[in-house]
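All remarks here apply to the structure that follows.
Number of protein chains: 2
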Amino acid sequence: MSQTGSLCVVGLGPGTSALLTGQAQAALQGADVIMGRGGYWTWVAEPVRDKACIGLPLTQEVARAQLAVERALAGQAVSVISSGDAGVYGMASLVLEVLERHQENALLPDVVVIPGVSAVNACAALLGAPFAHEFAVLSLSDLLAPWAVIEKRLAAAAEADFVMVLLNPKSARRQWQFARACALIGQHRAPGAPVGLVRNAYRPDQSVMLTTVSSLAHAHVDMLTTVIVGNSQTRCFQSRLITPRGYMC
Amino acid sequence: MSQTGSLCVVGLGPGTSALLTGQAQAALQGADVIMGRGGYWTWVAEPVRDKACIGLPLTQEVARAQLAVERALAGQAVSVISSGDAGVYGMASLVLEVLERHQENALLPDVVVIPGVSAVNACAALLGAPFAHEFAVLSLSDLLAPWAVIEKRLAAAAEADFVMVLLNPKSARRQWQFARACALIGQHRAPGAPVGLVRNAYRPDQSVMLTTVSSLAHAHVDMLTTVIVGNSQTRCFQSRLITPRGYMC
């Protein structure tokens, strides 16, 4: 046991305690302090009962990571929680980056990343089975990445017939990027290719809808929506998406 | 309640009961019969105790799906289990495809796909935090998909600087595909770009190793290895991969 504390970055799954893993629960139960943001606590209310919880709002990700690292360096067992999987555009890389800036310290806390059911997989499950072939996961948020890079990746994935997952398609401040993404996808994919839209997966106001590439630009999406664009093989069956693996040919 | 049974396709997570979700456990506990293949039972021994379990070996995926659908049509509650997430190259699409062939039936069983912690996310977590930007998931198995399609996707993902996940990189029968993939990746990515190799994630003989793009072709990989290739931003810190999200610039 080192003199420093420990850092767990914990993926909580998409939004229901039923999709929390035992390992995530154990990490929460073993923590001295749990760092997250408001709203995430609802589906982990039971394991965090009687725990010291610190919530900092959205946009304060760096402050959250810094405070977590400081507490761990001071000897506490810290769990940083993240919805879905903590690695997919989540807190895991930021916590490691903040820790990296303390590498002159003789003793650094151990970091464990506990994987969770990603929103990517959760939304795909609600839509059926779109991921039986290559798929690419993209975020349309250009707040932390240049749009030119995102656009290049969008075009490459569309052209190479990846099933595509679009996270953060729109927000109050980011509107045109989704239209641009739809146009790029439309250049490479058939107008009738099926698309699934999942909003608030596994949360009380969950919605699951199907549309097509040609109608996608007119669909209602926001930052809580995950968009899954089928590839040339994907088809619909009973309101589900199937990308056939190839067993039945 | 319809007269037919039900079909759950259940993702079990990567290989430890600690990463099984409550929803997956409940599905197993509620099933009349559980269909899987040998070896998958070890980490679900407790929830499947006293259940009727049918194991058919690897390569008998179609028979497994057909039997599951037949049992559900006959009125049973059937759970088809899949390691990791059931949607990622898993049993979910095959079960839906088999069911599709019975669509002349007046009553079809409901199908629920229960997402799990994917091997993709589990291996990424063991490696640190490679997925803070766009990533692409590919299988190098060309048993059910043309190699030309896989190769096109490999080249596109490499060129567009996706973090890349390579599943099924090699098997006893498939050897040259991995060398070809390494060559393609090497054309587009720096020789020193970090690569993580995870074998048997969360299983007793787990191994986690780091290498680079230039050394990847010589690494020992097999069908139990997941390869995660960093992008131009990915760096190593304390035997971990970090792809910085961009918060700390």
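As you go down the protein sequences, you meet chains A and B in turn. Residue numbers 1 to 249, in my numbering, belong to the letters of the first sequence in order. Residue numbers 1001 to 1249, in my numbering, belong to the letters of the second sequence in order. Don't be surprised by glycine CBs; every beta carbon is placed ideally from N, CA and C. Treat the numbers as computed from the prediction; the structure is a model and nothing was measured.
Any 3 or more C-beta pairs closer than 8 angstroms across the region 1192-1203 of chain B and the region 1224-1231 of chain B: Yes: at least three Cβ pairs fall under 8 angstroms.
Paired residues, beta bridge with Asn1077/B - DSSP: The question names Asn, but residue 1077/B in the sequence shown is Ala. The beta-bridge partner set that DSSP reports for Ala1077/B consists of Ser1006/B.
Where Cys1236/B sits in the DSSP three-state scheme: strand
Residues within the region 222-244 of chain A neighbouring chain B, beta-carbon criterion of under 8 angstroms: Phe237, Gln238, Arg240, Ile242, Thr243, Pro244
Within 7 angstroms, strictly: CB atoms of Pro146/A and Val221/A: no
DSSP state of Ala1155/B mapped onto helix, strand, coil: helix
Chain-order list of residues whose beta-carbon lies under 8 angstroms from that of Ala190/A (same chain, five-residue window excluded): Val213, Ser232
Against chain A: residues of the region 1070-1085 of chain B by CB proximity under 7 angstroms: Asp1085
Residue-chain proximity (Glu100/A, chain C), Cβ-Cβ < 7 angstroms: Note that chain C does not occur in the displayed structure, where the protein chains are A and B.
Neighbour flag for Gln1060/B against chain A, beta carbons, 7 angstroms: No, Gln1060/B lies away from the interface with chain A (no Cβ there is under 7 angstroms from its Cβ).
Cys182/A, enclosing alpha helix (DSSP H) - first and last residue: 176-188
Ala136/A, enclosing beta strand (DSSP E) - first and last residue: Its beta strand (DSSP E) spans residues 135-139.
Residues within the region 146-159 of chain A neighbouring chain B, beta-carbon criterion of under 8 angstroms: Val149, Ile150, Lys152, Arg153, Ala155, Ala156, Ala157, Glu159
C-beta neighbour in chain B for Glu42/A, strict 7 angstroms: Rather than Glu, the amino acid found at residue 42/A in this sequence is Thr. Cβ-Cβ to chain B under 7 angstroms: no for Thr42/A.
Integer Cβ distance of Ser1006/B from Ala1077/B, believed to fall under 8 angstroms: 5 angstroms
CA-to-CA distance, Gly1128/B to Arg1240/B, given in whole angstroms: In this structure, the straight-line span from the alpha carbon of Arg1240/B to that of Gly1128/B is close to 5 angstroms.
C-beta contact flag for Ala1095/B and Val1208/B at 7 angstroms: According to the sequence provided, residue 1095/B is Val. The question's Ala does not apply to it. Not a contact, by the Cβ cut-off of 7 angstroms.
Same chain, Cβ closer than 8 angstroms to Pro84/A, neighbours up to 5 away in sequence not counted: In the sequence under discussion, the amino acid at residue 84/A is Gly, which differs from the Pro named in the question. Hits under 8 angstroms: Gly11, Leu12, Gly13, Pro14, Gly90, Gly116, Val117, Ser118, Ala119, Val120, Ala122.
N-terminal and C-terminal residue of the alpha helix (DSSP H) that Pro1047/B is part of: 1045-1048
Spatially closest choice to Ser79/A from Leu108/A, Ala26/A, Glu97/A, by CA coordinates: When only C-alpha atoms are compared, the closest one is Ala26/A.
7 angstroms CB neighbourhood of Leu108/A in its chain, flanking five on each side removed: Cβ neighbours of Leu108/A beyond the five flanking positions: Thr4, Leu99, His102.
Residue nearest to Ser82/A in terms of C-alpha spacing, selected from Gly36/A, Ala106/A, Val44/A, Glu104/A: Answer by Cα proximity: Gly36/A.
From Arg1064/B, Glu1061/B, Gln1175/B, Gln1029/B, residue whose alpha carbon lies closest to that of Glu1046/B: Gln1029/B
Rounded C-alpha distance that separates Pro194/A from Ala179/A: The alpha-carbon atoms of Pro194/A and Ala179/A are separated by roughly 17 angstroms.
Proximal residues to Leu58/A (C-beta, below 7 angstroms), its chain only, five neighbours per side dropped: Arg37
Bridge-paired residues (DSSP) for Ser207/A: Arg199/A
CB contact flag (Phe237/A, Val1088/B, <7 angstroms): Their beta carbons are not under 7 angstroms apart, which means Phe237/A does not touch Val1088/B by this criterion.
Beta-carbon contacts of Ala1065/B that lie in its chain and below 6 angstroms, excluding the five residues immediately before and after: Leu1094, Val1095, Val1098
Beta carbon proximity, Cys1008/B to chain A, threshold 7 angstroms: no
Pro146/A Cβ short of 6 angstroms to the ligand NAD heavy atom set: The ligand NAD is absent from the structure shown, which contains no ligand whatsoever.
Reference Val111/A, options Ile1242/B, Met1248/B, Ala1086/B, closest by Cα: Ile1242/B
Check whether Leu1138/B and Glu134/A have beta carbons under 7 angstroms apart: yes
DSSP state of Leu952/B mapped onto helix, strand, coil: Since the first residue of chain B shown is 1001 and the last is 1249, residue 952/B is not available in this structure.
Burial state of Ser141/A (16 or more Cβ within 10 Å): buried
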